[in-house]
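**Q** To start, I am sharing the structure in question, which I have written as structure tokens.
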Amino acid sequence: MAEQTQRSVLVGVDGSAAAARAALWATDEAVTTGRPLRLAVCVRPSMPELAGLALPPGTIDGAHLRATASGLLQSAVARCRVLAPGIDVQGELVSGRPVEMLDRLAQGAASLVLGASGQSGVATVLLGSSAAELARRVTAPLVVVRDLGAAGPDGPVVVGVDGSAVTGHVVRFAADHAAARGRELVAVHAWSDLPLDALAGTGAPGIDRVRARRDADALLESYLATARDRHPDLAVRRIVCLDRPARALFGAAAGASLLVVGRHGRAGDTVGPLGSVGHAVLHYAHCPVALVSGG
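First residue of the sequence shown? That's 4 in the working numbering, and the numbers climb one at a time after it.
Written out as structure tokens, the structure reads:
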């Protein structure tokens, strides 16, 4: 618990409805885990070179933007403190490009939480467009929150298990989240997409599907056994299927409270591209999504 209280839940806010949902999710995460909560508002630097353009009043004036953003931040912090009276809630106003600033602030954070879409304006945080870029940069788990009405508030936590180098971290994050809330953990593996070295002898034509499924079950169980050891009372359901991973995850995540996937692709991947499954769930899942790396 001491480690948890030293690592904050960080959420980017920009005055949009999407950012408000993200702040609500982050507040619940902080309350559940006992971690501090930090809210960050990013303000772009003033751009006097645009002074000759017919832009809305206050769009160029850096002092005006910063004052407006400061008020936005203070209001957001006050709302979160009401919802989390026992939690240390702090706000931080930073100037610069949102992706770079959030990447810096997220170093050492327990998680970074963003809304699925943002808005331009005083805070100039386009959270939706920033999420994909941040997913390639931050080492902290990145949670992207969509309309909470589309998620099941008490629904299961769904986790994609693909046998990659980060799978252990992914399952642990999902299991911790589910156990802390008393929710079911649903582990999904589309076994046709396993790395060939994880399913010995199944890559050749004339695949032995019975053996492939057995090996996939064994691989899935190896990760779930660790989760059960960590959380003996955790309810776990397994889904092993012959399907495309993203489609299998979308099906399992209907009504889920959170969908958790690895930030990288197959075993041996290093920091870099998001991967096709991560890209798909980030942009098209209807529930909050957590992208977890090995960091």
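No residue lacks a Cβ here, since even glycine has one placed at the ideal position from N, Cα and C.
Given the structure is predicted, the values throughout are model-derived calculations rather than measurements.
1. Pull up the CB-CB distance for A143 and L105, whole angstroms please, since I reckon it's below 8 Å.
2. Looking only at its chain, what residues have a beta carbon closer than 8 Å to the beta carbon of P291, apart from the 5 residues adjacent to it on each side?
3. Between G89 and T30, what straight-line distance do the alpha-carbon atoms span, to the nearest angstrom?
4. Give the straight-line distance between the Cα atoms of V189 and L42, rounded to the nearest whole angstrom.
5. Within this structure, are the beta carbons of G118 and A25 separated by less than 7 Å?
6. Could you have a look at Q110 and say whether DSSP puts it in helix, strand or coil?
7. Would you give the residue range spanned by the beta strand (DSSP E) that V263 belongs to?
8. What is the DSSP secondary structure of A11, reduced to helix, strand or coil?
9. Taking the beta strand (DSSP E) that S294 belongs to, which residues open and close that run?
10. Am I right that S78 and P39 are in contact with their C-beta atoms under 8 Å? What's the rounded C-beta distance?
11. Rounded to the nearest angstrom, what separates C83 and L68 at their Cα positions?
12. Check each candidate in A21, A72, V46, Q93 and name the one with the smallest Cα separation from L13.
13. Is it right to say R212 is buried, meaning 16 or more other beta carbons lie within 10 angstroms of its own, or is it exposed?
14. How many Å lie between S279 and L252 at the Cα?
15. How close, in whole Å, do the beta carbons of V191 and A177 come, if the pair is a contact with beta carbons under 8 Å?
16. Note down, in chain order, each residue of its chain lying with its Cβ closer than 6 Å to the Cβ of T205, except the 5 sequence neighbours on either side.
17. CB of C244 to nearest heavy atom of the ligand FMN: below 6 Å?
18. Given a threshold of 16 other Cβ atoms within 10 Å of its Cβ, counted over all protein chains shown, does V46 qualify as buried or as exposed?
19. Decide if D236 is buried, meaning its Cβ has at least 16 other Cβ atoms within 10 Å, or exposed.
20. Does DSSP classify V128 as helix, strand or coil?
21. Hey, would you say R186 sits closer than 7 Å to V164, going by beta carbons?
22. Since L96 contacts V34 with CB under 8 Å, what's their CB separation in whole angstroms?
**A** Let me lay it out:
1. By one-based count along the sequence shown, residue 143 stands at place 140. By one-based count along the sequence shown, residue 105 stands at place 102. With a Cβ gap of about 10 Å, A143 and L105 do not count as contacting.
2. Stepping through the sequence shown from its first residue, residue 291 is reached at position 288. Hits under 8 Å: W28, V146, V147, V148, R149, L151, A154, S260, L261, L262.
3. Numbered from its first residue, the sequence shown carries residue 89 at position 86. Numbered from its first residue, the sequence shown carries residue 30 at position 27. Taking the straight line from one Cα to the other gives about 11 Å.
4. As a first step, residue 189 is located in the sequence shown; it is residue number 186 there, counting from the start. As a first step, residue 42 is located in the sequence shown; it is residue number 39 there, counting from the start. V189 and L42: Cα-Cα distance of roughly 31 Å.
5. Residue mapping note: residue 118 aligns to position 115 of the sequence shown, counting from 1. Residue mapping note: residue 25 aligns to position 22 of the sequence shown, counting from 1. Taking 7 Å as the Cβ cut-off, G118 and A25 qualify as a contacting pair.
6. Residue numbering aside, residue 110 sits at position 107 when the sequence shown is read from its first letter. If DSSP states are grouped into helix, strand and coil, Q110 belongs with coil.
7. Counted from its first residue, the sequence shown places residue 263 at position 260. Here the beta strand (DSSP E) through V263 covers 261-265.
8. Against the sequence shown, residue 11 aligns to sequence position 8. It is worth fixing the name first, because residue 11 is Ser in this sequence and not Ala. S11 falls in the coil class under three-state DSSP.
9. Translated into positions along the sequence shown, residue 294 becomes position 291. The sequence given here has Leu at residue 294, not Ser. Run containing L294: 292-295, per the beta strand (DSSP E) assignment.
10. Residue numbering aside, residue 78 sits at position 75 when the sequence shown is read from its first letter. Residue numbering aside, residue 39 sits at position 36 when the sequence shown is read from its first letter. With 8 Å as the limit, S78 and P39 do not qualify as a contact, their Cβ atoms being about 19 Å apart.
11. Locating residue 83 in the sequence shown gives position 80, where the first residue counts as 1. Locating residue 68 in the sequence shown gives position 65, where the first residue counts as 1. For C83 and L68, the distance between alpha carbons rounds to 23 Å.
12. Position 10 of the sequence shown holds residue 13. When only C-alpha atoms are compared, the closest one is Q93.
13. Along the sequence shown, one-based indexing puts residue 212 at 209. Its Cβ having fewer than 16 others within 10 Å, R212 is exposed.
14. As a first step, residue 279 is located in the sequence shown; it is residue number 276 there, counting from the start. As a first step, residue 252 is located in the sequence shown; it is residue number 249 there, counting from the start. If you take the alpha carbons of S279 and L252, they lie about 13 Å apart.
15. Residue numbering aside, residue 191 sits at position 188 when the sequence shown is read from its first letter. Residue numbering aside, residue 177 sits at position 174 when the sequence shown is read from its first letter. In fact, because the Cβ distance is near 10 Å, the residues do not count as touching under 8 Å.
16. Here residue 205 refers to the residue found at position 202 of the sequence shown. Note that T205 has pLDDT 47, beneath the 50 cutoff, so the model's placement of it is unreliable and no number is given.
17. Of the ligands one can find in the structure shown there are none, so the ligand FMN has no counterpart to examine.
18. Counting from 1 along the sequence shown, the entry for residue 46 is found at position 43. Per the 10 Å Cβ criterion, buried.
19. Along the sequence shown, one-based indexing puts residue 236 at 233. Per the 10 Å Cβ criterion, exposed.
20. Stepping through the sequence shown from its first residue, residue 128 is reached at position 125. Its pLDDT being 40, under 50, V128 is placed unreliably in this model, and the value from its coordinates should be taken loosely. In this structure, V128 counts as strand in the three-state DSSP scheme.
21. Along the sequence shown, read from residue 1 onward, the residue named residue 186 stands at position 183. Along the sequence shown, read from residue 1 onward, the residue named residue 164 stands at position 161. Their beta carbons are not under 7 Å apart, which means R186 does not touch V164 by this criterion.
22. Position 93 of the sequence shown, counting from 1, holds the residue named residue 96. Position 31 of the sequence shown, counting from 1, holds the residue named residue 34. Actually they are not in contact, since the Cβ atoms of L96 and V34 sit about 24 Å apart, beyond 8 Å.
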